[in-house]
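Student: Before I ask anything, let me first share the structure, which is written out below as structure tokens.
Number of protein chains: 2
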Amino acid sequence: MEYTVQKLGNLAGISTRALRYYDEIGLLKPARKSSSGYRIYGQPEVDKLQQILFYRELGLELEQIKNIVNNPGFNGSRALEEHREKLLAKRMQLDLLIINVEKTISAKGGESIMADNEKFEGFKQKLVDDNEQQYGREIRDKYGDDVVNQSNAKMLNMSEEKYQAFTLLEQEVLDRLAEAVKTGDPSSELAQQTAELHRQWLGFTWPSYSKEAHMGLAEMYVADERFAAYYDKVQPGAAQFLRDAIAAYTAQNQ
Amino acid sequence: MEYTVQKLGNLAGISTRALRYYDEIGLLKPARKSSSGYRIYGQPEVDKLQQILFYRELGLELEQIKNIVNNPGFNGSRALEEHREKLLAKRMQLDLLIINVEKTISAKGGESIMADNEKFEGFKQKLVDDNEQQYGREIRDKYGDDVVNQSNAKMLNMSEEKYQAFTLLEQEVLDRLAEAVKTGDPSSELAQQTAELHRQWLGFTWPSYSKEAHMGLAEMYVADERFAAYYDKVQPGAAQFLRDAIAAYTAQNQ
DNA sequence: ACTTGACCTTGACGCAACGTCAAGGTGTAT
DNA sequence: ATACACCTTGACGTTGCGTCAAGGTCAAGT
Numbered sequence: 034m035e036y037t038v039q040k041l042g043n044l045a046g047i048s049t050r051a052l053r054y055y056d057e058i059g060l061l062k063p064a065r066k067s068s069s070g071y072r073i074y075g076q077p078e079v080d081k082l083q084q085i086l087f088y089r090e091l092g093l094e095l096e097q098i099k100n101i102v103n104n105p106g107f108n109g110s111r112a113l114e115e116h117r118e119k120l121l122a123k124r125m126q127l128d129l130l131i132i133n134v135e136k137t138i139s140a141k142g143g144e145s146i147m148a149d150n151e152k153f154e155g156f157k158q159k160l161v162d163d164n165e166q167q168y169g170r171e172i173r174d175k176y177g178d179d180v181v182n183q184s185n186a187k188m189l190n191m192s193e194e195k196y197q198a199f200t201l202l203e204q205e206v207l208d209r210l211a212e213a214v215k216t217g218d219p220s221s222e223l224a225q226q227t228a229e230l231h232r233q234w235l236g237f238t239w240p241s242y243s244k245e246a247h248m249g250l251a252e253m254y255v256a257d258e259r260f261a262a263y264y265d266k267v268q269p270g271a272a273q274f275l276r277d278a279i280a281a282y283t284a285q286n287q
Numbered sequence: 034m035e036y037t038v039q040k041l042g043n044l045a046g047i048s049t050r051a052l053r054y055y056d057e058i059g060l061l062k063p064a065r066k067s068s069s070g071y072r073i074y075g076q077p078e079v080d081k082l083q084q085i086l087f088y089r090e091l092g093l094e095l096e097q098i099k100n101i102v103n104n105p106g107f108n109g110s111r112a113l114e115e116h117r118e119k120l121l122a123k124r125m126q127l128d129l130l131i132i133n134v135e136k137t138i139s140a141k142g143g144e145s146i147m148a149d150n151e152k153f154e155g156f157k158q159k160l161v162d163d164n165e166q167q168y169g170r171e172i173r174d175k176y177g178d179d180v181v182n183q184s185n186a187k188m189l190n191m192s193e194e195k196y197q198a199f200t201l202l203e204q205e206v207l208d209r210l211a212e213a214v215k216t217g218d219p220s221s222e223l224a225q226q227t228a229e230l231h232r233q234w235l236g237f238t239w240p241s242y243s244k245e246a247h248m249g250l251a252e253m254y255v256a257d258e259r260f261a262a263y264y265d266k267v268q269p270g271a272a273q274f275l276r277d278a279i280a281a282y283t284a285q286n287q
């Protein structure tokens, strides 16, 4: 089946202007031009447009999309698998915002206290995630990790060194957590070290620290299974354990 | 606590440039200016910025956001409730895309057939949803439904009359489904009428119809509980029933 | 007091991704 | 031939900043 700009635009839900623009920039060329000059698109273009729309949804710039889909080595199936992963990640990021708004509602109702930095939970993560979507895989493969890390660091207004320390500390939290969980005791030395490391990690993105906010975040980790999953990859029950460790940590440092 | 542009920008994950721009357009004015001309923000501005970021996340233009948050009647708590609703809707819309990519992967693997129009499921819904976020509540309240419906119709490249018919038919499907489900028989006259109405509804957005695609969509309705919920609001089990009705309908019209 | 580096200001240019409009050609049904 | 929907190219304009320049301010260290 063949499509002119309006048919294809209707099919996909984009404007004819966008299709002409995509032609102009070399992102999506029509299969051919009719004798009267009309753009005629075919099946391969339909499939390619689908890919383009997924990439666009994930926040990539058109020039980037162009470089990806027009690469001779482009693999449509593999790309689809990646879209899926990234859409799931985007969904999780959206979940962060939903939880944020729910917490803010709760705080507004006087049921809890919310620190200023908590009010922006999710938005900053979105920065890094969006940056990762845009530059992550392709650029890492091509230029190595530094370019992306620099960009992520910039997003969070950190030096590259600081960002590296940030990500290393995150890994250390996970590693220490894995060990601590084996003790089965959230107030054990290892568990308290984990909580302290976690606190240090928070220091990178929080302008100020409070035990309440720390505890609030820990509660969030277990309040929703989607976030518990991040820590439970270390060990089932690790998110709960970390919450308890933080509870002990914040109570002890009162 | 008070913040200068960089502190507030770091807190919220936005650039100093954005904050200055927001000041410039009157969206977010600082609490005061220091003797040296520095912008100084306080607690009310922090809360307001959070609201702005939620609206921005939901796709509203800054001018629109400005009109909303600077309205003397603006109610922060009510706004937060609305953010929550809309974020959940956005999440559902994202789920559509995830299911689409999963179906495309399946089709690529030869496990199923996928029509061209199915490849863009979710993207077109995104158009209407985004439009609704931008213009829905406030404009409907202010000017009535027609302005938004016109805009939605334009999004889907329909006349206003066609869009009205489209939305009315959608309601009719739900109404007929409610009745049909009471028969308990997916091949009953009522159930088959429902499936026929559903097919007509699809005719508004699909350039071509196929039984396979129809069946595929019906499977989607029950494959994921998040979408089943849309039909199950009629009656628990209605999504399943509709799927079965469509199965009978497409088998019978073979 | 002076220096240094981080942070602040205003002003201005430029960009991505189109939306909109104008002028004129094409296809199809009546 | 007419009418209407759709096509083309060309061009201007918009939104929301990113980036840069020039110069002022703040705070800690010497």
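Chains as they are written, first to last, in our numbering: chain W, 34 to 287; chain D, 34 to 287. The beta carbon of each residue, even a glycine, is placed where N, CA and C say it ideally should be.
Leaving out five residues before and five after Gln273 of chain W in sequence, what residues of the same chain have Cβ atoms less than 7 Å from its Cβ?
Tutor: For Gln273 of chain W, where only same-chain residues beyond five positions count, the Cβ hits under 7 Å are Val255.
Student: Are the beta-carbon atoms belonging to Gly42 of chain D and Lys157 of chain W less than 8 Å from one another?
Tutor: In this structure, Lys157 of chain W does not lie closer than 8 Å to Gly42 of chain D by Cβ.
Student: With distances taken from CA atoms, which of W:Ile146, W:Pro219, W:Trp234, W:Glu252 is nearest Tyr282 of chain W?
Tutor: That would be W:Pro219, whose Cα lies nearest to the Cα of Tyr282 of chain W.
Student: Check whether the stretch 215–231 of chain W touches the stretch 261–279 of chain W, taking contact to mean three or more Cβ pairs, one atom from each stretch, closer than 8 Å.
Tutor: Touching, yes.
Student: Assuming Gln268 of chain D is part of the alpha helix (DSSP H), what are its boundary residues?
Tutor: Gln268 of chain D -> no alpha helix (DSSP H), and no H or E assigned at all.
Student: Work out the CA separation of Leu230 of chain W and Glu205 of chain W for me, nearest whole Å.
Tutor: Whole-angstrom Cα-Cα distance: 8 Å.
Student: Are the C-beta atoms of Val134 of chain D and some chain W residue less than 8 Å apart?
Tutor: Yes, contact with chain W.
Student: In angstroms, rounded to a whole number, what distance separates the CA positions of Leu52 of chain W and Asn104 of chain D?
Tutor: Distance between the alpha carbons of Leu52 of chain W and Asn104 of chain D: 39 Å.
Student: Taking only three categories from DSSP, how would you classify Lys66 of chain W?
Tutor: It is a strand residue.
Student: Could you give the distance in angstroms between the alpha-carbon of Ile101 of chain D and the alpha-carbon of Arg50 of chain D?
Tutor: Cα to Cα, the separation comes out at about 22 Å.
Student: Is the shortest distance between the beta-carbon of Asn150 of chain W and the beta-carbons of chain D less than 8 Å?
Tutor: So yes, Asn150 of chain W belongs to the interface.
Student: Does the distance from the C-beta atom of Leu61 of chain D to that of Glu78 of chain D stay below 8 Å?
Tutor: Cβ atoms of Leu61 of chain D and Glu78 of chain D: closer than 8 Å.
Student: Give me, in chain order, the residues of the same chain whose beta-carbon lies closer than 6 Å to that of Val214 of chain W; leave out the 5 immediate sequence neighbours on both sides.
Tutor: Closer than 6 Å at Cβ, skipping near neighbours: Gln268, Ala271, Phe274.
Student: Within a Cβ cutoff of 6 Å, which residues of the same chain sit near Gln39 of chain W, ignoring the five residues on either side of it in sequence?
Tutor: The answer, listed in chain order, is Thr49.
Student: Is there contact between the stretch 128–144 of chain D and the stretch 149–163 of chain W, where contact requires at least three CB pairs shorter than 8 Å?
Tutor: Touching, no, given that fewer than three Cβ pairs across the two stretches are closer than 8 Å.
Student: Which chain W residues are close to Glu114 of chain D, counting only those with a beta carbon under 9 Å from its beta carbon?
Tutor: Val134, Ile138, listed in chain order.
Student: With a 10 Å radius around its C-beta and 16 neighbouring C-beta atoms as the bar for buried, classify Ile58 of chain W as buried or exposed.
Tutor: So Ile58 of chain W counts as exposed.
Student: Just by C-beta distance, which residues in the stretch 89–118 of chain D are closer than 8 Å to chain W?
Tutor: Cβ contacts with chain W come from Glu90, Gly109, Ser110, Leu113, Glu114, His116, Arg117.
Student: At a CB distance below 7 Å, what residues from the stretch 42–73 of chain W approach chain D? Give them in sequence order.
Tutor: So the close ones are Asn43, Leu44, Ala45, Gly46.
Student: Kindly identify the DSSP beta-bridge partner or partners of Arg72 of chain D.
Tutor: According to DSSP, which records beta bridges pairwise, Arg72 of chain D is partnered with D:Lys66.
Student: Thinking C-alpha only, which one of D:Asp128, D:Lys244, D:Leu201 is nearest Gln285 of chain D?
Tutor: Nearest option by C-alpha distance: D:Lys244.
Student: Helix or strand or just coil, what does DSSP make of Tyr55 of chain W?
Tutor: Three-state result, Tyr55 of chain W: helix.
Student: Listing by chain order, which chain W residues have their CB less than 9 Å from the CB of Val267 of chain D?
Tutor: Those do not exist, as Val267 of chain D stays about 26 Å from chain W at its closest Cβ, beyond 9 Å.
Student: Please say whether Ile138 of chain W and Glu114 of chain D have beta carbons closer to each other than 8 Å?
Tutor: Yes, the pair counts as a contact, with Cβ atoms nearer than the cut-off.
Student: For Ile47 of chain D, report the span of its alpha helix (DSSP H) as first-last.
Tutor: That residue, Ile47 of chain D, is in no alpha helix (DSSP H); it is neither H nor E in DSSP.
Student: Can you give the Cα-Cα distance for Arg65 of chain W and Arg72 of chain W, rounded to whole angstroms?
Tutor: Each residue's Cα considered, the two are about 6 Å apart.
Student: With respect to the alpha helix (DSSP H) encompassing Ala246 of chain W, which residues constitute its N-terminal and C-terminal limits?
Tutor: Start and end: 244–256.
Student: Compare the C-beta of Leu250 of chain W against all C-beta atoms of chain D and say whether one is closer than 8 Å.
Tutor: No, Leu250 of chain W lies away from the interface with chain D (no Cβ there is under 8 Å from its Cβ).
Student: The ligand HEM heavy atoms versus the CB of Gln83 of chain W: any closer than 7 Å?
Tutor: The ligand HEM is absent from the structure shown, which contains no ligand whatsoever.
Student: Of all the CB atoms in chain D, is at least one closer than 8 Å to the CB of Ile131 of chain W?
Tutor: Closer than 8 Å: yes.
Student: With a Cβ-Cβ cutoff of 8 Å, do Ala112 of chain W and Gln83 of chain W count as a contact?
Tutor: It is not a contact, given that the beta carbons lie outside the stated cut-off.
Student: Should Glu194 of chain D go down as buried or exposed, given a rule of 16 or more other Cβ atoms within 10 Å for buried?
Tutor: Looking at its Cβ environment, which holds fewer than 16 other Cβ atoms inside 10 Å, Glu194 of chain D is exposed.
Student: Should Tyr74 of chain W go down as buried or exposed, given a rule of 16 or more other Cβ atoms within 10 Å for buried?
Tutor: With 16 or more Cβ atoms within 10 Å of its Cβ, Tyr74 of chain W is classed as buried.
Student: Residue range of the alpha helix (DSSP H) that Ser110 of chain D falls in?
Tutor: Looking at the DSSP string, the run of the alpha helix (DSSP H) that includes Ser110 of chain D is 109–141.
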